[in-house]
Each structure stands twice: as C-alpha cells, then as structure tokens.
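Position in the sequence shown (first residue = 1) + 13 = our numbering.
Working notes, beginning with the structure itself.
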Amino acid sequence: MTDQQANNPLHGITLEMMLTHLVEHYGWEEMSRLIRIRCFSYDPSIKSSLVFLRKTPWARTKVEKLYLKQKGIRIKRKKITKEAE
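Next up, the structure:
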C-alpha cells in the first residue's frame with residue numbers, strides 16, 4: 014500500500030457505502046438541508062443520488078466531507094503557497 018493511500022481516510026470506502034451511512038444517520042430531509050442538492054430533496058434514492066454524485070465532483074466532495082465529519086475524522090488541509098514574484 015502506498016503512503017498516499019495509507020493516509021487516505023476514505024481508502025476502501027465506496028461512495029455507495031458513504032451515502033448509505035449518511036442517509037441512515039441523518040435521513041434524506043436532513044441530508045438535503047446539510048447539502049443543498051436537488052437529488053437529496055426531490056424523490057431521493059440511493060441510485061439516483063449515486064448517478065449524480067459520480068458525475069458531479071463538487072457534490073461528491075461535499076458528501077465525502079460530511080461523511081468524514083460525521084465519523085469524527087479530521088483531514089489535513091494542504092498548504093497552498095504563492096510563488097514569490
């Protein structure tokens with residue numbers, strides 16, 4: 014296993030596993046309040062949400078962050094440095 018994967022708290026956890034866990038914990042109504050995307054608000058289902066999340070990187074990132082937050086896992090932010098001009 015590479016160091017990159019060893020440090021990845023989401024390694025081995027599928028999007029479906031994350032979404033299922035979050036829906037069981039929060040429910041669709043609370044999910045739609047926490048992450049404002051239509052697939053959580055109108056006729057929500059795991060299948061339709063997975064299709065949307067797989068095609069929409071920003072929405073997937075929000076779900077991943079909520080999952081990590083709910084699990085109590087902190088992620089380190091990468092430092093962004095500006096090149097001296």
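All C-beta atoms in this analysis are idealised placements derived from N, C-alpha and C, irrespective of residue type, glycine included.
On a predicted model such as this, the values are computed, not experimentally measured, just so you know.
Within 7 Å, strictly: CB atoms of residue i and residue j
i, j, result
"I59", "L81", "no"
"S54", "S45", "yes"
"P22", "W41", "no"
Nearest residue (CA-CA) to residue i, options the options
i, options, result
"V64", "N21, L23, L28", "L28"
"T69", "I86, R87, I50, G85", "I50"
Chain B within 7 Å of residue i, Cβ atoms only
i, result
"T33", "The structure shown contains no chain B, having only a single protein chain."
Close beta carbons around residue i, own chain, < 8 Å, minus the five adjacent residues each side
i, result
"L47", "Y39, L79"
"L35", "M44, V76, L79, Y80, Q83"
"R73", "L28, L66, R67"
Own chain, CB closer than 6 Å to residue i, minus 5 neighbours either side, in chain order
i, result
"C52", "S61, S62, F65"
The alpha helix (DSSP H) enclosing residue i, as first and last residue numbers
i, result
"Y80", "70–84"
"G33", "One detail in the question is off: residue 33 reads as Thr in this sequence, not Gly. Run containing T33: 28–39, per the alpha helix (DSSP H) assignment."
"S58", "Unbroken run through S58: none, as it is neither H nor E."
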